[in-house]
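Asks:
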Amino acid sequence: TRLASPLPRHRHRTKRARSREMAYAASSPAVPDWLNKGDNAWQLTAATFVGIQSMPGLVVLYGSIVKKKWAVNSAFMALYAYASSLLVWVLVGFRMAFGERLLPFWGKAGVALTQDYLVGRAKLSATKRGSTPLVEPFYPEATLVMFQFEFAAITLILLAGSVLGRMNIKAWMAFTPLWLMLSYTVGAFSLWGGGFLYHWGVIDYSGGYVIHLSSGIAGFTAAYWVGPRLKSDRERFSPNNILLMIAGGGLLWMGWAGFNGGAPYAANITASVAVLNTNVSAATSLLTWTCLDVIFFGKPSVIGAVQGMMTGLVCITPGAGLVQTWAAVVMGIFAGSVPWFTMMILHKKSALLMKVDDTLAVFHTHAVAGLLGGVLTGLLATPELMMMESSVPGPKGAFYGGGIKQVGKQLAGAAFVIVWNLVVTTLILLGIGLFVPLRMPDDQLMIGDDAAHGEEAYALWGDGEKFDATRHDVSRGAGGEREMGTAEQRLAGMGARGVTIQL
Numbered sequence: 347t348r349l350a351s352p353l354p355r356h357r358h359r360t361k362r363a364r365s366r367e368m369a370y371a372a373s374s375p376a377v378p379d380w381l382n383k384g385d386n387a388w389q390l391t392a393a394t395f396v397g398i399q400s401m402p403g404l405v406v407l408y409g410s411i412v413k414k415k416w417a418v419n420s421a422f423m424a425l426y427a428y429a430s431s432l433l434v435w436v437l438v439g440f441r442m443a444f445g446e447r448l449l450p451f452w453g454k455a456g457v458a459l460t461q462d463y464l465v466g467r468a469k470l471s472a473t474k475r476g477s478t479p480l481v482e483p484f485y486p487e488a489t490l491v492m493f494q495f496e497f498a499a500i501t502l503i504l505l506a507g508s509v510l511g512r513m514n515i516k517a518w519m520a521f522t523p524l525w526l527m528l529s530y531t532v533g534a535f536s537l538w539g540g541g542f543l544y545h546w547g548v549i550d551y552s553g554g555y556v557i558h559l560s561s562g563i564a565g566f567t568a569a570y571w572v573g574p575r576l577k578s579d580r581e582r583f584s585p586n587n588i589l590l591m592i593a594g595g596g597l598l599w600m601g602w603a604g605f606n607g608g609a610p611y612a613a614n615i616t617a618s619v620a621v622l623n624t625n626v627s628a629a630t631s632l633l634t635w636t637c638l639d640v641i642f643f644g645k646p647s648v649i650g651a652v653q654g655m656m657t658g659l660v661c662i663t664p665g666a667g668l669v670q671t672w673a674a675v676v677m678g679i680f681a682g683s684v685p686w687f688t689m690m691i692l693h694k695k696s697a698l699l700m701k702v703d704d705t706l707a708v709f710h711t712h713a714v715a716g717l718l719g720g721v722l723t724g725l726l727a728t729p730e731l732m733m734m735e736s737s738v739p740g741p742k743g744a745f746y747g748g749g750i751k752q753v754g755k756q757l758a759g760a761a762f763v764i765v766w767n768l769v770v771t772t773l774i775l776l777g778i779g780l781f782v783p784l785r786m787p788d789d790q791l792m793i794g795d796d797a798a799h800g801e802e803a804y805a806l807w808g809d810g811e812k813f814d815a816t817r818h819d820v821s822r823g824a825g826g827e828r829e830m831g832t833a834e835q836r837l838a839g840m841g842a843r844g845v846t847i848q849l
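With the numbering used here applied, the sequence shown covers 347 to 849.
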């Protein structure tokens with residue numbers, strides 16, 4: 347037995363070596379002639395970057411930017427949206443957004459689960475029409491399915507920011523798959539998958555309209571129908587952990603390299619330009635927002651800096667790989683000032699904006715910034731970069747010969763996205779409201795996470811609880827004996843009912 351044992355091990359090693367040789371061979375079933383390994387590796391990396399923006403980026407950001415009693419609920423809404431989106435995406439969503447044409451704004455539903463479909467070369471069937479060629483990336487359909495899923499998921503998570511702190515979690519669980527199927531897929535097919543806006547020449551490089559404008563409008567609409575938070579929460583909704591909020595924001599910023607760098611579907615020059623422009627715009631917008639805070643309020647706001655960073659990232663998204671870097675600086679300046687004005691000045695003067703309780707101001711940071719970026723792209727997109735990126739002949743910025751016609755197309759495309767999201771989001775929520783209350787009852791809103799999930803984010807006493815001397819050892823004597831009576835007397839003398847820990 348001892349003499350015979352080396353032979354099977356040798357055969358096993360030989361078999362594994364042959365498998366590795368086949369995997370890395372120039373031509374094999376795992377490496378067909380059309381596969382570009384560099385493009386495939388970058389697209390999967392970009393998908394992972396975008397996934398990190400959601401998980402854990404926005405989960406951490408939402409869990410820390412809200413009041414302590416809503417930390418768990420806010421993080422869970424993002425977590426649930428991410429998970430539920432994936433199943434809907436592979437069952438029907440992907441092919442509704444990127445499959446064969448059913449209507450001018452919608453693709454045919456179908457599954458993206460079978461080997462025959464996923465291992466073949468990726469293609470966007472509806473992009474071919476007339477002189478416009480078929481878009482066929484040099485990697486398998488499975489890669490494209492995963493990359494585009496990350497975009498669909500983050501759109502829903504961004505939308506959730508408008509309804510944090512009061513939406514019934516059961517209503518949210520019903521809302522996410524319906525909105526993905528009935529709203530997101532329409533915008534994605536119309537602008538990216540080969541729909542009428544794509545062929546008309548509306549420019550949306552990486553989601554200024556498909557993701558940010560739609561999430562901002564749908565979130566604002568949802569906030570209207572769900573209703574406001576408690577008055578006490580609207581008046582005082584301090585972040586429970588600003589350092590974690592910065593960490594979540596940092597994951598968003600770094601992850602945007604995949605967001606905009608992966609949009610060309612290849613590791614090419616456009617991807618390099620897009621990643622550089624993305625970071626330049628974000629930095630410029632953050633600095634602009636911070637300077638405005640200092641000028642008008644006397645001190646810089648960390649929350650404001652994160653919002654400025656976000657608007658800069660959103661604004662550059664529709665044109666990240668299509669504009670020059672000096673234009674990215676200009677877009678960053680606009681991104682840090684126009685949403686700042688709508689949020690800090692216009693919001694307080696508008697009865698509608700004051701009435702609708704948009705928890706994280708998603709309307710300003712995403713809808714306003716996304717629309718602004720789309721219009722600026724219509725002005726600043728260069729024909730040379732457009733030729734590198736777009737398969738549709740003709741589109742270019744107004745400053746480069748596109749004229750007012752291109753700006754008109756950008757505005758018309760935005761109008762379609764706005765109207766569709768407003769109407770469809772309204773219908774979905776009214777339908778869900780027939781079966782499940784959209785808003786949590788006030789008694790549960792007073793409690794927060796413990797009422798919604800039976801869990802709390804921090805095992806700390808405070809936040810207005812009634813003082814209970816039998817549970818909390820306020821002080822100890824030098825010998826280690828409790829001096830509870832003295833502590834109670836001191837608190838009673840001060841008229842105190844408890845201790846608030848401000849996180």
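For every residue, glycine included, the Cβ atom is placed at its ideal position computed from N, Cα and C.
Keep in mind that this is a model prediction, so the values were computed, not measured.
In this structure, how does DSSP classify SER410 when only helix, strand and coil are distinguished?
Replies: Translated into the one-based positions of the sequence shown, residue 410 becomes position 64. In the structure shown, SER410 sits in a helix (DSSP, three-state: H, G or I).
Asks: According to the neighbour-count rule (16 or more other Cβ atoms, all chains shown, within 10 Å of its Cβ), is GLY594 buried or exposed?
Replies: By 1-based counting over the sequence shown, the position of residue 594 is 248. Buried, since its Cβ has 16 or more Cβ neighbours within 10 Å.
Asks: Contact check, TYR530 vs SER536 under 8 Å by CB: the rounded distance?
Replies: Residue 530 sits at position 184 when you count from the first residue of the sequence shown. Residue 536 sits at position 190 when you count from the first residue of the sequence shown. Their Cβ separation, rounded to whole angstroms, is 11 Å, which puts TYR530 and SER536 out of contact at 8 Å.
Asks: Indicate the three-state DSSP secondary structure (helix, strand or coil) for VAL377 in the structure shown.
Replies: Along the sequence shown, read from residue 1 onward, the residue named residue 377 stands at position 31. Note: VAL377 maps to strand in three-state DSSP.
Asks: If we count the other Cβ atoms within 10 Å of its Cβ and call it buried at 16 or more, is GLY397 buried or exposed?
Replies: For the purposes of this step, residue 397 is taken as the residue at position 51 of the sequence shown. With 16 or more Cβ atoms within 10 Å of its Cβ, GLY397 is classed as buried.
Asks: If I measure Cβ to Cβ from PRO523 and keep anything under 7 Å in the same chain, skipping five residues before and after, which residues do I get?
Replies: The count along the sequence shown starts at 1 and reaches residue 523 at position 177. Only SER430 and VAL434 meet the Cβ criterion.
Asks: Look up MET513 in the DSSP assignment and give the residues it is bridged to.
Replies: By 1-based counting over the sequence shown, the position of residue 513 is 167. For MET513, which the question treats as bridged, DSSP gives the partners ARG785.
Asks: Rounded to whole angstroms, what's the CA-CA distance from PHE422 to ILE649? Just pull it up for me.
Replies: Taking the sequence shown and counting its residues from 1, the one referred to as residue 422 is at position 76. Taking the sequence shown and counting its residues from 1, the one referred to as residue 649 is at position 303. If you take the alpha carbons of PHE422 and ILE649, they lie about 22 Å apart.
Asks: Any idea if GLY825 is buried or exposed, counting beta-carbon neighbours within 10 angstroms, 16 or more meaning buried?
Replies: For the purposes of this step, residue 825 is taken as residue 479 along the sequence shown, with counting starting at 1. Note that GLY825 has pLDDT 44, beneath the 50 cutoff, so the model's placement of it is unreliable and no number is given.
Asks: Taking 7 Å as the limit between beta carbons, can you name the residues of its chain near LEU622, skipping five residues before and five after?
Replies: The sequence position of residue 622 within the sequence shown is 276, counting from 1. Correct list, in chain order: THR671.
Asks: Output the boundary residues of the beta strand (DSSP E) element that contains LEU448.
Replies: For the purposes of this step, residue 448 is taken as residue 102 along the sequence shown, with counting starting at 1. Start and end: 447 to 449.
Asks: Just the C-alpha distance for HIS818 and PHE444, rounded to the nearest angstrom, thanks.
Replies: Walking along the sequence shown from the start, residue 818 turns up at place 472. Walking along the sequence shown from the start, residue 444 turns up at place 98. Note that HIS818 scores 45 on pLDDT, short of 50, meaning its location in the model is unreliable and no value can be drawn from it.
Asks: Could you check what DSSP says for THR567 in three-state terms: helix, strand or coil?
Replies: Along the sequence shown, one-based indexing puts residue 567 at 221. DSSP places THR567 in helix when its eight states are reduced to three.
Asks: Given a threshold of 16 other Cβ atoms within 10 Å of its Cβ, counted over all protein chains shown, does VAL652 qualify as buried or as exposed?
Replies: Locating residue 652 in the sequence shown gives position 306, where the first residue counts as 1. Under this definition VAL652 is a buried residue.
Asks: Please work out which residues of its chain come closer than 6 Å, Cβ to Cβ, to TRP686, disregarding the five sequence neighbours upstream and downstream, and give them in chain order.
Replies: By 1-based counting over the sequence shown, the position of residue 686 is 340. Result list for TRP686: TRP635 and LEU638, in chain order.
Asks: Check whether the segment 383 to 393 and the segment 763 to 780 touch, using three or more Cβ-Cβ pairs below 8 Å as the test.
Replies: Judged by Cβ distances under 8 Å, the segment 383 to 393 makes no contact with the segment 763 to 780, as fewer than three pairs qualify.
Asks: Taking the C-alpha atoms as reference points, what is the distance between LYS751 and LEU726?
Replies: For the purposes of this step, residue 751 is taken as residue 405 along the sequence shown, with counting starting at 1. For the purposes of this step, residue 726 is taken as residue 380 along the sequence shown, with counting starting at 1. C-alpha separation (whole angstroms): 13 Å.
Asks: Which residues in the same chain as LEU722 place their Cβ atom closer than 6 Å to its Cβ, once the five residues preceding and following it in sequence are excluded?
Replies: Along the sequence shown, read from residue 1 onward, the residue named residue 722 stands at position 376. Here the set comprises MET677.
Asks: Taking the beta carbon of ALA499 as the centre, do at least 16 other beta carbons fall within 10 Å, making it buried, or is it exposed?
Replies: In the sequence shown, residue 499 corresponds to position 153, counting from 1. That one is buried.
Asks: State yes or no: is the C-beta of THR657 within less than 7 Å of the C-beta of THR616?
Replies: Position 311 of the sequence shown holds residue 657. Position 270 of the sequence shown holds residue 616. No, these two residues do not count as a Cβ contact at 7 Å.
Asks: DSSP three-state call for ASP703: helix, strand or coil?
Replies: On the sequence shown, position 357 is the one that residue 703 refers to. In the structure shown, ASP703 sits in coil (DSSP, three-state: anything other than H, G, I, E or B).
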